[in-house]
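Participant: Sequence lines, in order, name chains A and B.
Per the numbering used here, the very first residue in the first sequence carries number 1; after that it's consecutive.
Per the numbering used here, the very first residue in the second sequence carries number 1; after that it's consecutive.
Virtual Cβ for every residue (Gly too), placed ideally from N, Cα, C.
All values reported here derive from a predicted model rather than from experimental measurement.
What follows is a structure written as structure tokens; I'll ask about it next.
Protein chains: 2
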Amino acid sequence: MKITYKGDYALKAMLELALRYEENSDSIIPINEIVKFGDMPKKFLEQILLTLVRAGFVKSKRGSGGGFYLARSPKDITIGEVIRLIEGPIEPIACVKEGYHGCADVRTCILRNVWQEVAQGISVVVDTITFQDLVGRYKAKTRSSSYEYII
Amino acid sequence: MKITYKGDYALKAMLELALRYEENSDSIIPINEIVKFGDMPKKFLEQILLTLVRAGFVKSKRGSGGGFYLARSPKDITIGEVIRLIEGPIEPIACVKEGYHGCADVRTCILRNVWQEVAQGISVVVDTITFQDLVGRYKAKTRSSSYEYII
DNA sequence: TATAATATGACTAAGTTAATCATATTAGTC
DNA sequence: GACTAATATGATTAACTTAGTCATATTATA
Chain A
1 MKITYKGDYA LKAMLELALR YEENSDSIIP INEIVKFGDM PKKFLEQILL
51 TLVRAGFVKS KRGSGGGFYL ARSPKDITIG EVIRLIEGPI EPIACVKEGY
101 HGCADVRTCI LRNVWQEVAQ GISVVVDTIT FQDLVGRYKA KTRSSSYEYI
151 I
Chain B
1 MKITYKGDYA LKAMLELALR YEENSDSIIP INEIVKFGDM PKKFLEQILL
51 TLVRAGFVKS KRGSGGGFYL ARSPKDITIG EVIRLIEGPI EPIACVKEGY
101 HGCADVRTCI LRNVWQEVAQ GISVVVDTIT FQDLVGRYKA KTRSSSYEYI
151 I
């Protein structure tokens, strides 16, 4: 039931871009700034951002003055989409065969149903939270209790 | 968000023991019988059963005529307990420091909250389903649609 | 043209998973 | 009491994944 650092980094990077999108939807964020807040290895983050770019969540601009920015509004991107991109399906176990109809054995089948229910439980959370929501949470937290914010 | 084969095997073995417990709570099941239904490598399953024994879910009897059996009634064991034993905490990311109060950075903290919500969603499923429930599902399936059962 | 930035592919160390192998121990059965 | 069927346990391993690093190419701006 684990998420990898890759997924954690991807969400943190997206959150940073979403925060900047809020300020100014045209601003381009160099990777160094994302690294600065997220405490992530730069080269690893490059790979992750490349994946996000290819999937159409993020756009990039090369050359000096270049960087990354959200391709869509934060309110139109759920964290579930990003998690699935980086981590694969949220179902704990995928059925091995494509286009299968029922499992070979009832015992196996019953456990598959459980995994589907677990996936449902996860989906309810991650497919309803958008990056807009996270930005909102961020603002609420920094406004109401900024003294908790340790640099 | 994956479960490993180890966890899947553990649940399948427990389900088998629960089915047998239903029939006769005193019966001892040799590992070969568990293997037969679960399509699991025997030696790997031995390791898993040993973990289940040490954790108190299962008891074993050595020697000829020996085998494994549930230590408690299936209605008193949730699948969440077994999942946690084999896979570790269901929280997708554990907070690094013990006894921490708040995260070092608000962005990180917000994502931690999301993981907690995901864990909650998983918990609602796995901590309410007992092996008794799985036995019930098994019976319902084999009764109502036994023709789907392919050997 | 120099430079600041991303793009991309190849490579790698460390850890995890899913086992296997060898051997010890135990408890019935003949 | 020897034999055998079974679990107990530790050591080892192949394959895979994770979390990176390294080297180099490309691009755009100043």
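Over the uninterrupted beta strand (DSSP E) stretch that includes Ser27/A, give me the two end residues.
Facilitator: Looking up residue 27/A in the first sequence gives position 27. Counting along the chain, Ser27/A falls outside any beta strand (DSSP E), and DSSP gives it neither H nor E.
Participant: So is Arg62/A in contact with chain B if we call contact Cβ pairs under 7 Å?
Facilitator: As a working mapping, residue 62/A is identified with position 62 in the first sequence. So, not an interface residue.
Participant: With 16 other CB atoms within 10 Å as the buried threshold, where does Thr130/B fall?
Facilitator: Here residue 130/B corresponds to residue number 130 of the second sequence, with the count starting at 1. Answer is buried; the Cβ neighbour count reaches 16.
Participant: Taking DSSP's pairing of strands, which residues face Gly67/B in a bridge?
Facilitator: Residue 67/B sits at position 67 when you count from the first residue of the second sequence. Bridge partners of Gly67/B: Lys61/B.
Participant: For Pro92/A, go through chain B and note every residue whose CB falls closer than 7 Å to its CB, in chain order.
Facilitator: Looking up residue 92/A in the first sequence gives position 92. Within chain B, the residues near Pro92/A are Met1, Lys2 and Ile3.
Participant: For the segment 119-135 of chain A against the segment 70-84 of chain A, do three or more pairs of beta-carbon atoms, one drawn from each stretch, fall closer than 8 Å, so that the two count as touching?
Facilitator: yes
Participant: Within 10 angstroms of its Cβ, does Lys61/A collect 16 or more other Cβ (buried), or is it exposed?
Facilitator: As a working mapping, residue 61/A is identified with position 61 in the first sequence. With fewer than 16 other Cβ atoms within 10 Å, it is exposed.
Participant: Could you tell me whether the Cβ of Thr142/A comes closer than 7 Å to any Cβ of chain B?
Facilitator: Residue numbering aside, residue 142/A sits at position 142 when the first sequence is read from its first letter. Yes, contact with chain B.
Participant: DSSP has Thr108/B in a bridge; who is on the other side?
Facilitator: Walking along the second sequence from the start, residue 108/B turns up at place 108. Note: Thr108/B sits in no beta bridge, so no partner.
Participant: What residue range does the alpha helix (DSSP H) around Arg84/A cover?
Facilitator: As a working note, residue 84/A is residue 84 in the first sequence. From DSSP, the alpha helix (DSSP H) with Arg84/A extends over Ile79 to Glu87.
Participant: Could you check the C-alpha separation between Leu166/A and Gly65/B for me, to the nearest Å?
Facilitator: Missing from the structure shown is residue 166/A; chain A here goes from 1 to 151 and no further.
Participant: If you draw a straight line from the C-alpha of Ile93/A to the C-alpha of Lys2/B, how long is it?
Facilitator: Translated into positions along the first sequence, residue 93/A becomes position 93. Translated into positions along the second sequence, residue 2/B becomes position 2. Approximately 6 Å between the Cα atoms of the pair.
Participant: What does Gly38/B reach in chain A if we use C-beta pairs closer than 9 Å?
Facilitator: On the second sequence, residue 38/B is found 38 positions in, with the first residue counted as 1. Under the 9 Å cutoff, chain A gives Asp105, Arg107 and Thr108.
Participant: Look up Thr130/B in the DSSP assignment and say whether it is helix, strand or coil.
Facilitator: Within the second sequence, numbered from 1, the residue matching residue 130/B stands at position 130. DSSP places Thr130/B in strand when its eight states are reduced to three.
Participant: Quick check: is the beta carbon of Glu117/A nearer than 7 Å to any beta carbon in chain B?
Facilitator: Sequence index remark: in the first sequence, residue 117/A carries index 117 (1-based). Cβ-Cβ to chain B under 7 Å: yes for Glu117/A.
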